[in-house]
Amino acid sequence: MSPSDLGQALKPFVFLDIFDAQESTIHEMAKMPLHPHSGIATVTVFTKGSMHYDDPTSGRGRIDYGGVEWMRAGIGVWHGKEMTPPVDVSHIQGFQLWLALPAELELAEPQSQYIEANEMVKVGPAHVVIGCYDGIQSPVDAPDGINYLLVTLPAGERWTYQPPDGHTVAWLAVASGMLDAGALLQQGDMVVFADDGAPISLEAQGQEDAVFVLGSAKPHPHTLHLGHYSVHTTAPALARGEARIRELGKKLKAAGDRTSPSGTIPVFK
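Taking UniProt numbering, the leading residue of the sequence shown gets 1, the next gets one more, and so forth.
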């Protein structure tokens with residue numbers, strides 16, 4: 001999903017990517033270049049393996065299944081190397097999601113959170129990555145009106161998600177296993193649900209647990225104004241975000257090598 005295609009229909013969810021690196025290609029993840037964002041938040045979760053983080057304000061730790069990296073770009077950041085794969089991990093899989101921020105946050109100061117799995121909360125088979133579901137509130141400081149869940153549904157079991165009132169945007173994407181969501185889905189498949197807020201009934205098929213992410217939200221009420229790495233609610237806001245990115249780019253170049261002893265490069269704000 002990208003902001004120029006399915007993101008137009010599913011905003012505030014505007015980008016989704018599944019990444020999957022085996023032992024022979026994990027080192028390629030370290031080659032991702034630093035890049036900028038503004039106007040969005042990025043949400044990274046892992047369905048296999050883990051990554052190290054090392055941040056001056058958040059400390060050091062490890063994000064694996066059930067944990068999350070939340071990065072609210074706001075007025076602008078450069079990032080891309082704030083996490084590194086541990087030497088003992090041979091398979092890394094997960095999702096990166098972008099959220100279009102509301103007008104009151106799209107030019108706010110950036111924010112980063114690294115929350116490990118033992119600090120996250122669950123409802124049944126679902127980790128509540130973002131939002132509040134069934135009275136359980138995620139520790140991520142995300143805008144209201146958005147739920148994002150990471151779910152492992154055991155083989156043969158059923159589960160029903162009831163979107164909260166007003167959540168007429170809903171979708172899911174599968175990382176592994178097979179899932180009956182009215183149609184049979186498998187790894188890499190994404191499905192969009194009707195915009196009626198109806199319960200979403202799911203069943204894990206086959207012999208393997210079904211692992212997937214599910215999002216629901218109140219619709220983002222603004223037209224998307226798109227830059228190369230930015231999504232904003234208005235053209236003037238986009239111009240401010242991109243100007244900030246250019247300014248930060250010059251400061252980043254002047255800052256020189258910011259690589260930590262553990263190999264990470266903290267988000268540049």
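From the three backbone atoms N, C-alpha and C, an ideal C-beta is built for every residue, glycine too.
It should be emphasised that the depicted structure is a prediction, and the values quoted were computed from it without experimental measurement.
Residue i burial status per 10 Å Cβ neighbour count (16 or more: buried)
| i | result |
| --- | --- |
| residue 147 | buried |
| residue 37 | buried |
| residue 54 | buried |
| residue 158 | exposed |
| residue 194 | exposed |
| residue 182 | exposed |
| residue 201 | exposed |
| residue 32 | exposed |
| residue 240 | buried |
| residue 225 | buried |
| residue 242 | buried |
| residue 135 | exposed |
| residue 110 | buried |
| residue 255 | exposed |
| residue 44 | buried |
| residue 184 | exposed |
| residue 160 | exposed |
| residue 235 | exposed |
Proximity winner among the options, relative to residue i (alpha-carbon distances)
| i | options | result |
| --- | --- | --- |
| residue 114 | 63, 256 and 96 | 63 |
| residue 70 | 15, 98, 92 and 221 | 98 |
| residue 214 | 238, 125 and 233 | 125 |
| residue 227 | 143, 76 and 186 | 76 |
| residue 223 | 217, 211 and 237 | 237 |
| residue 203 | 167, 178 and 120 | 178 |
| residue 154 | 135, 206 and 234 | 206 |
| residue 230 | 35, 190 and 94 | 35 |
| residue 259 | 248, 79 and 127 | 79 |
| residue 92 | 28, 16 and 199 | 28 |
| residue 102 | 14, 90, 184 and 45 | 14 |
| residue 42 | 72, 176 and 251 | 72 |
| residue 68 | 149, 269, 9 and 176 | 149 |
| residue 132 | 268, 165 and 269 | 165 |
| residue 250 | 263, 269, 261 and 262 | 269 |
Contact under 7 Å by Cβ, residue i with residue j
| i | j | result |
| --- | --- | --- |
| residue 151 | residue 171 | no |
| residue 245 | residue 81 | no |
| residue 220 | residue 3 | no |
| residue 233 | residue 104 | no |
| residue 217 | residue 167 | yes |
| residue 156 | residue 116 | no |
| residue 94 | residue 47 | yes |
| residue 74 | residue 108 | yes |
| residue 128 | residue 112 | no |
| residue 174 | residue 187 | yes |
| residue 130 | residue 123 | no |
| residue 17 | residue 96 | yes |
| residue 274 | residue 66 | The question about residue 274 has no answer, for the chain in this structure spans 1 to 269. |
| residue 49 | residue 89 | yes |
Nearest-angstrom Cβ-Cβ length linking residue i and residue j, presumed shorter than 8 Å
| i | j | result |
| --- | --- | --- |
| residue 51 | residue 190 | That belief does not hold up - the Cβ atoms of residue 51 and residue 190 are roughly 23 Å apart, past 8 Å. |
| residue 143 | residue 197 | With a Cβ gap of about 19 Å, residue 143 and residue 197 do not count as contacting. |
CB contact check: residue i to chain D, cutoff 7 Å
| i | result |
| --- | --- |
| residue 154 | Here there is only one protein chain, and chain D is not present. |
Exercise for the section: State whether the region 77 to 94 contacts the region 19 to 39, with contact taken as three or more CB pairs (one from each stretch) at a distance under 8 Å. Expected result: yes
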